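Student:
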Amino acid sequence: MYQPGQSADPALHEVIESIVSLTEQRDQRSLEHSLFSSFQEMLDHEDCWLLSRERDDDELRIVAGDGRLLPDVIFDLLKAGVPDADIRIVRAGAKEYLLACTLSADDEQARLLAIARGAWDDGNLRLVRGMLKVYRNFVSVLRDSAKDTLTGLFNRRRMEAKLNDLLAASLHGRRYKDQNYSDFLAVLDLDNFKRVNDTYGHLIGDETLLAFANILRQTLRDDDLIYRYGGEEFVVLLQELTQAQAAKVLERVRRNVEKHAFPQVGRVTVSIGHTRLKPGSTPPKAIEEADRALYHAKKSGRNQAHGFQELVSSGALQDHLDNSSVELF
24 MYQPGQSADP ALHEVIESIV SLTEQRDQRS LEHSLFSSFQ EMLDHEDCWL LSRERDDDEL
84 RIVAGDGRLL PDVIFDLLKA GVPDADIRIV RAGAKEYLLA CTLSADDEQA RLLAIARGAW
144 DDGNLRLVRG MLKVYRNFVS VLRDSAKDTL TGLFNRRRME AKLNDLLAAS LHGRRYKDQN
204 YSDFLAVLDL DNFKRVNDTY GHLIGDETLL AFANILRQTL RDDDLIYRYG GEEFVVLLQE
264 LTQAQAAKVL ERVRRNVEKH AFPQVGRVTV SIGHTRLKPG STPPKAIEEA DRALYHAKKS
324 GRNQAHGFQE LVSSGALQDH LDNSSVELF
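For the sequence shown, our numbering begins at 24 and goes up steadily by one.
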């Protein structure tokens, strides 16, 4: 037992420093690399690997660690899956491999951890379990901070981070080999929503937003990402679709909103603008293109869905916005 005046256990100090480092992080990538570094330091730099797997995907990607040193049998076990919130010890050759799994803050990816050691004793197992609990708890904090409190959808900050990731992957050719397929960004705005708030009050307005969010969840695929951008404006990121498929999906959203009977309010419509995420584009440019398509839908009578590229092809919009015609106020 620790006595006053006695030096603290160096190992305990190392654990505390690792926990401090973990809880200083404010994004998923930094958090997982902090966890990886902590395990390396606390376990005397044993071989350690961090892998990720997209939701509903069999492909594994090594995020950290030397993949050449990871035995095929361990890689195959990780690919088969490790139960969440659990650890598994597997012997391969002269070493024992600890395998663990947890979800990322956005629930999109499984994070898989493998640590090699000559043998695992109870003390080291308790250490790993404890650090994984801290990590998972903090992932929950990050997840909650990235969600809109009313709808439970991810918020604008999380959307901007995901959009950055998609565009970066597209730029480096890591998205789709078939050039007919792409990712799409859509901005959706409930028509005349201020009138709903003014007529029925903000409580009914909130219920309308909740109902709209549920329509999006029910209409879109599990792989499509939905965000509340602010107020009555929402953003959807559609993944791995052709231009025609994206337009069809968003038209289905528009129709489902139009025919839905919203409590107290009755009929509500939505205007939608979308754009294809092209290699070399930037988040501000992609959002601007979708916004311009949305503005065209509003100006043309609302309750419409338009794609930026189609509007440019038809001559309804110019590819580049003439900034000299924009008034700033």
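Where is the CB? At the ideal position from N, CA and C, for every residue including glycine.
Remember, it's a predicted structure, so these values are computed and weren't measured experimentally.
Using 8 Å as the threshold, is the C-beta distance between Y250 and N178 below it?
Tutor: Residue numbering aside, residue 250 sits at position 227 when the sequence shown is read from its first letter. Residue numbering aside, residue 178 sits at position 155 when the sequence shown is read from its first letter. Yes, Cβ-Cβ distance for Y250 and N178 is below 8 Å.
Student: From R315, C124, F216, pick the residue whose C-alpha is nearest to that of G254; which is it?
Tutor: On the sequence shown, position 231 is the one that residue 254 refers to. Cα-wise, what sits closest to G254 is F216.
Student: What does the alpha-carbon distance come out to for the pair D167 and S336?
Tutor: For this step, residue 167 is matched to residue 144 along the sequence shown. For this step, residue 336 is matched to residue 313 along the sequence shown. Taking the straight line joining both Cα atoms gives about 41 Å.
Student: Report the residue from K170, R111, A103 whose alpha carbon sits nearest the alpha carbon of L148.
Tutor: Your numbering for residue 148 matches position 125 in the sequence shown. If we check each option's Cα against that of L148, R111 comes out closest.
Student: Quick check on T174: buried or exposed, where buried means 16 or more other Cβ atoms within 10 Å of its Cβ?
Tutor: For this step, residue 174 is matched to residue 151 along the sequence shown. It counts as buried.
Student: For D247, which residues from the same chain have a beta carbon less than 8 Å from its beta carbon, with the 5 sequence-adjacent residues on both sides left out?
Tutor: Stepping through the sequence shown from its first residue, residue 247 is reached at position 224. So the list reads V259, L260, L261, Q262, V272, once near-sequence residues are dropped.
Student: Kindly give me the distance between the Cβ atoms of Y252 and V210, rounded to whole angstroms, as I take these residues to be in contact under 8 Å.
Tutor: For the purposes of this step, residue 252 is identified with residue 229 of the sequence shown, where counting begins at 1. For the purposes of this step, residue 210 is identified with residue 187 of the sequence shown, where counting begins at 1. Right, the Cβ-Cβ distance comes to about 7 Å (below 8 Å), so this counts as a contact.
Student: Hey, quick one: how far does the alpha helix (DSSP H) through V280 stretch, first residue to last?
Tutor: For the purposes of this step, residue 280 is taken as the residue at position 257 of the sequence shown. Taken as a continuous stretch (DSSP letters only), the alpha helix (DSSP H) holding V280 covers 266-282.
Student: Helix or strand or just coil, what does DSSP make of Y223?
Tutor: Position 200 of the sequence shown, counted from the first residue, corresponds to residue 223. Y223 falls in the helix class under three-state DSSP.
Student: Should E1 go down as buried or exposed, given a rule of 16 or more other Cβ atoms within 10 Å for buried?
Tutor: For residue 1 there is no data in the structure shown, the boundaries of the chain being 24 and 352.
Student: Given a threshold of 16 other Cβ atoms within 10 Å of its Cβ, counted over all protein chains shown, does L92 qualify as buried or as exposed?
Tutor: In the sequence shown, residue 92 corresponds to position 69, counting from 1. When all chains shown are included, L92 counts as exposed.
Student: Please list, in chain order, all residues of the same chain as V164 whose beta carbon is under 7 Å from its beta carbon, the five residues on each side excluded.
Tutor: Counted from its first residue, the sequence shown places residue 164 at position 141. For V164, where only same-chain residues beyond five positions count, there are no Cβ hits under 7 Å.
Student: Restricting to runs no shorter than 3 residues, where is the beta strand (DSSP E) found entirely within the region 90-154?
Tutor: Those beta strand (DSSP E) runs which fall completely within the region 90-154 and span 3+ residues are 110-115, 118-126, 132-140.
Student: Count the other CB atoms, across all protein chains shown, that sit within 10 Å of the CB of S53; report buried if there are 16 or more and exposed otherwise.
Tutor: The residue labelled residue 53 in the question sits at position 30 within the sequence shown. With fewer than 16 Cβ atoms within 10 Å of its Cβ, S53 is classed as exposed.
Student: Give every residue of the same chain whose Cβ lies closer than 8 Å to the Cβ of S75, excluding the five residues on either side of it in the sequence, and list them in chain order.
Tutor: On the sequence shown, position 52 is the one that residue 75 refers to. Answer for S75: L83, R84, V86, S127, Q132, A133, R134, L135, listed in chain order.
Student: Alpha carbon to alpha carbon, what distance is there between W143 and L190?
Tutor: Residue numbering aside, residue 190 sits at position 167 when the sequence shown is read from its first letter. Residue numbering aside, residue 143 sits at position 120 when the sequence shown is read from its first letter. Between L190 and W143, the C-alpha separation is close to 42 Å.
Student: Within the continuous alpha helix (DSSP H) that includes H319, where are the two ends?
Tutor: Start at 1 with the first residue of the sequence shown, and residue 319 comes out as number 296. Taken as a continuous stretch (DSSP letters only), the alpha helix (DSSP H) holding H319 covers 306-322.
Student: Taking DSSP as the reference, what is the three-state secondary structure of H329?
Tutor: Working through the sequence shown from its first residue, we reach residue 329 at position 306. Note: H329 maps to strand in three-state DSSP.
Student: For the beta strand (DSSP E) containing V86, name the first residue and the last one.
Tutor: Position 63 of the sequence shown, counted from the first residue, corresponds to residue 86. That run of the beta strand (DSSP E) goes 83-87.
Student: State the DSSP-derived secondary structure class of Q29, mapped to helix, strand or coil.
Tutor: Position 6 of the sequence shown, counted from the first residue, corresponds to residue 29. No answer about Q29 holds up, because its pLDDT of 46 lies below 50 and its placement is not dependable.
Student: Taking only three categories from DSSP, how would you classify L248?
Tutor: For this step, residue 248 is matched to residue 225 along the sequence shown. DSSP places L248 in strand when its eight states are reduced to three.
Student: Assign T18 to one of three DSSP states: helix, strand, or coil.
Tutor: With the chain covering only 24 through 352, there is no way to say anything about residue 18.
Student: Indicate whether K118 and G141 have their beta-carbon atoms separated by less than 8 Å.
Tutor: The sequence position of residue 118 within the sequence shown is 95, counting from 1. The sequence position of residue 141 within the sequence shown is 118, counting from 1. Yes.
Student: Please report how far the alpha carbon of E183 lies from the alpha carbon of M65, in whole angstroms.
Tutor: In the sequence shown, the residue the question calls residue 183 occupies position 160. In the sequence shown, the residue the question calls residue 65 occupies position 42. E183 and M65: Cα-Cα distance of roughly 35 Å.
Student: Tell me which residue opens and which closes the beta strand (DSSP E) that F207 is part of.
Tutor: Position 184 of the sequence shown, counted from the start, is the residue given in the question as residue 207. It spans 205-213 - the beta strand (DSSP E) in which F207 sits, taken as one unbroken run.
Student: I need the straight-line Cα distance from H283 to T125, nearest angstrom please.
Tutor: For the purposes of this step, residue 283 is taken as residue 260 along the sequence shown, with counting starting at 1. For the purposes of this step, residue 125 is taken as residue 102 along the sequence shown, with counting starting at 1. For H283 and T125, the distance between alpha carbons rounds to 38 Å.
Student: Let's test the definition: count the other Cβ atoms within 10 Å of the Cβ of Y25 and tell me whether it reaches 16, buried, or not, exposed.
Tutor: What you label residue 25 is simply residue 2 of the sequence shown in a count that begins at 1. At Y25 the pLDDT is 41, less than 50, meaning the model places this residue with poor confidence and gives no usable figure here.
Student: Less than 8 Å separating the beta-carbons of A328 and E281?
Tutor: Indexing the sequence shown from 1 puts residue 328 at position 305. Indexing the sequence shown from 1 puts residue 281 at position 258. No; because the gap between Cβ atoms is not below 8 Å, this pair is not in contact.
Student: From this set, A139, K308, V219, which residue's C-alpha is nearest G228's C-alpha?
Tutor: Residue numbering aside, residue 228 sits at position 205 when the sequence shown is read from its first letter. It is V219 whose Cα lies nearest to the Cα of G228.
Student: From S60, S193, F98, L58, pick the residue whose C-alpha is nearest to that of G303; which is it?
Tutor: For the purposes of this step, residue 303 is taken as residue 280 along the sequence shown, with counting starting at 1. Taking only the C-alpha atoms, the option nearest G303 is S193.
Student: According to DSSP, simplified to helix, strand and coil, what is G228?
Tutor: Here residue 228 is taken as the residue at index 205 of the sequence shown, counted from 1. Correct three-state label for G228: helix.
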